[in-house]
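**Student:** Position one of the sequence shown corresponds to residue 406 (this note's numbering), numbered consecutively onward.
Backbone N, C-alpha and C fix where the C-beta goes; we use that ideal spot for every residue, glycine too.
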Amino acid sequence: MSNIELSVKDLSVYYGEKQAVKNVSLDFESKQVTALIGPSGCGKSTFLRSLNRMNDLISGAKITGEIWIGDENINDPKTDVVLLRQRIGMVWQRPNPFHKSIYENIAFGPRYHGIKDRKKLDQIVEESLTKAALWDETKDRLHRSALSLSGGQQQRLCIARSIAVSPSIILMDEPASALDPVSSSKIEELIAELKKEYCIIIVTHNMHQAARVSQKTAFFLMGEVVEFDDTDKIFTNPKEKRTDDYISGRFG
Ligand SMILES: Nc1ncnc2c1ncn2[C@@H]1O[C@H](COP(=O)(O)OP(=O)(O)O)[C@@H](O)[C@H]1O
Ligand SMILES: [Mg+2]
Numbered sequence: 406m407s408n409i410e411l412s413v414k415d416l417s418v419y420y421g422e423k424q425a426v427k428n429v430s431l432d433f434e435s436k437q438v439t440a441l442i443g444p445s446g447c448g449k450s451t452f453l454r455s456l457n458r459m460n461d462l463i464s465g466a467k468i469t470g471e472i473w474i475g476d477e478n479i480n481d482p483k484t485d486v487v488l489l490r491q492r493i494g495m496v497w498q499r500p501n502p503f504h505k506s507i508y509e510n511i512a513f514g515p516r517y518h519g520i521k522d523r524k525k526l527d528q529i530v531e532e533s534l535t536k537a538a539l540w541d542e543t544k545d546r547l548h549r550s551a552l553s554l555s556g557g558q559q560q561r562l563c564i565a566r567s568i569a570v571s572p573s574i575i576l577m578d579e580p581a582s583a584l585d586p587v588s589s590s591k592i593e594e595l596i597a598e599l600k601k602e603y604c605i606i607i608v609t610h611n612m613h614q615a616a617r618v619s620q621k622t623a624f625f626l627m628g629e630v631v632e633f634d635d636t637d638k639i640f641t642n643p644k645e646k647r648t649d650d651y652i653s654g655r656f657g
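(1) Can you tell me where the alpha helix (DSSP H) holding Cys447 begins and where it ends?
(2) Would DSSP call Lys423 helix, strand or coil?
(3) Could you check where the alpha helix (DSSP H) with Arg513 kicks off and where it finishes?
(4) From this set, Val618, Asp649 and Asp545, which residue's C-alpha is nearest Leu626's C-alpha?
(5) Who are the Cβ neighbours of Gln437 in its own chain at under 7 angstroms, not counting the five residues just before and after it?
(6) Using DSSP with H/G/I as helix, E/B as strand and the rest coil, what is Val486?
(7) Would a C-beta distance cut-off of 8 angstroms place Ala551 and Ile607 closer than the cut-off?
(8) Pull the bridge partners of Ala440 from the DSSP assignment, please.
(9) I'd like the ranges of any alpha helix (DSSP H) spanning at least 4 consecutive residues and lying wholly in the stretch 537-605.
(10) Indicate the three-state DSSP secondary structure (helix, strand or coil) for Lys524 in the structure shown.
(11) Taking contact to mean 3 or more Cβ pairs, one atom from each stretch, closer than 8 angstroms, check whether the stretch 551-563 and the stretch 495-506 are in contact.
(12) Looking at Ala425: is its Cβ nearer than 8 angstroms to the Cβ of Gly448?
(13) Give the residues whose C-beta lies closer than 5 angstroms to at least one heavy atom of ligand 1, in chain order.
(14) DSSP has Ile479 in a bridge; who is on the other side?
(15) Assess, as a yes-or-no matter, whether the stretch 406-423 is touched by the stretch 591-599 under the definition of 3 or more beta carbon pairs within less than 8 angstroms.
(16) Give the C-beta separation of Gly465 and Asp415 to the nearest angstrom, bearing in mind that I take them to be a contact with Cβ-Cβ under 8 angstroms.
(17) What are the residues that DSSP puts in a beta bridge with Lys467?
(18) List the whole-angstrom C-beta distance separating Ile463 from Val413, where the pair is believed to meet the contact cut-off of C-beta under 8 angstroms.
(19) Measure the alpha-carbon distance for Ile568 versus Thr636 and round it to whole angstroms.
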């Protein structure tokens, strides 16, 4: 039985002449966290952005290869990217809530996808905030600005916003790196919870974090995946010398 949620085959990404991602093939399982690690500039964010076609927005970026969800190759130009980004949510390094109320941040996506009934929207807002471990802190201030929240709360709001449109996959690019240690550990706890329901792919430069939150780890170096294996294996007994050198802090 296969639990593969997303299958990437021979993916390459170019910025003009420069190849930032080189022939990467990786499978991502449902209900699992996969960490992407590697030194700065090795193509982790570029790879992650191509998974929900965010690189389409960068002029001069060219992508080749296949990205399969079930029997659909989402790298096909015919793919509806709006629907795609509903299925594959994204959380960025810096929390980027809309300049709207907490409620409206969550209700925006479902409303955009056609849900108009107020009761139903209320329910989605409560469920999403609850899943993002933010309900108790916000239930009495739903109509206040999202910008009145702390950085850590804003990041959990962004996670709630991505959950609100029922994705199956959530991409996170260094989601805790702009946060203080307490907020950061709350995000880690939240990821452990969300894993029960979603396929999560997280870029992190923090190797302790990768070891704590993920079950699988891919080590990127200069656009290539050097090694992909169980997180335990990567951090205790990697096959490749370059992986060992990186995780033991010899470079990067
Ligand atoms: N929008 C862009 N235009 C041109 N080059 C880019 C762009 N974004 C990233 N790059 C280049 O692609 C390479 C990979 O970058 P990135 O994916 O951001 O790496 P990482 O997330 O691992 O730090 C780097 O050399 C970077 O300078
Ligand atoms: Mg990056």
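**Tutor:** With the structure as the only source:
(1) Segment: none, Cys447 is in no alpha helix (DSSP H) and carries neither H nor E.
(2) strand
(3) A small correction: the amino acid at residue 513 is Phe; Arg does not occupy that position in the sequence shown. Ile507 to Tyr517 is the span of the alpha helix (DSSP H), which, as asked, contains Phe513.
(4) Ranking the options by Cα distance to Leu626, first place goes to Asp649.
(5) Lys600, Cys604, Gln620 and Lys621
(6) In this structure, Val486 counts as helix in the three-state DSSP scheme.
(7) no
(8) Ile607 and Thr622
(9) 540-543, 556-568 and 586-599
(10) helix
(11) yes
(12) yes
(13) Ordered along the chain, the selected set is Tyr420, Ala425, Ser445, Gly446, Cys447, Gly448, Lys449, Ser450, Thr451 and Ile463.
(14) Bridge partners of Ile479: none, in fact.
(15) no
(16) About 21 angstroms separates the two Cβ atoms, so there is no contact after all.
(17) According to DSSP, Lys467 shares a beta bridge with Tyr419.
(18) Taking 8 angstroms as the upper bound for CB-CB distance, Ile463 and Val413 are not in contact here, some 19 angstroms apart.
(19) 25 angstroms
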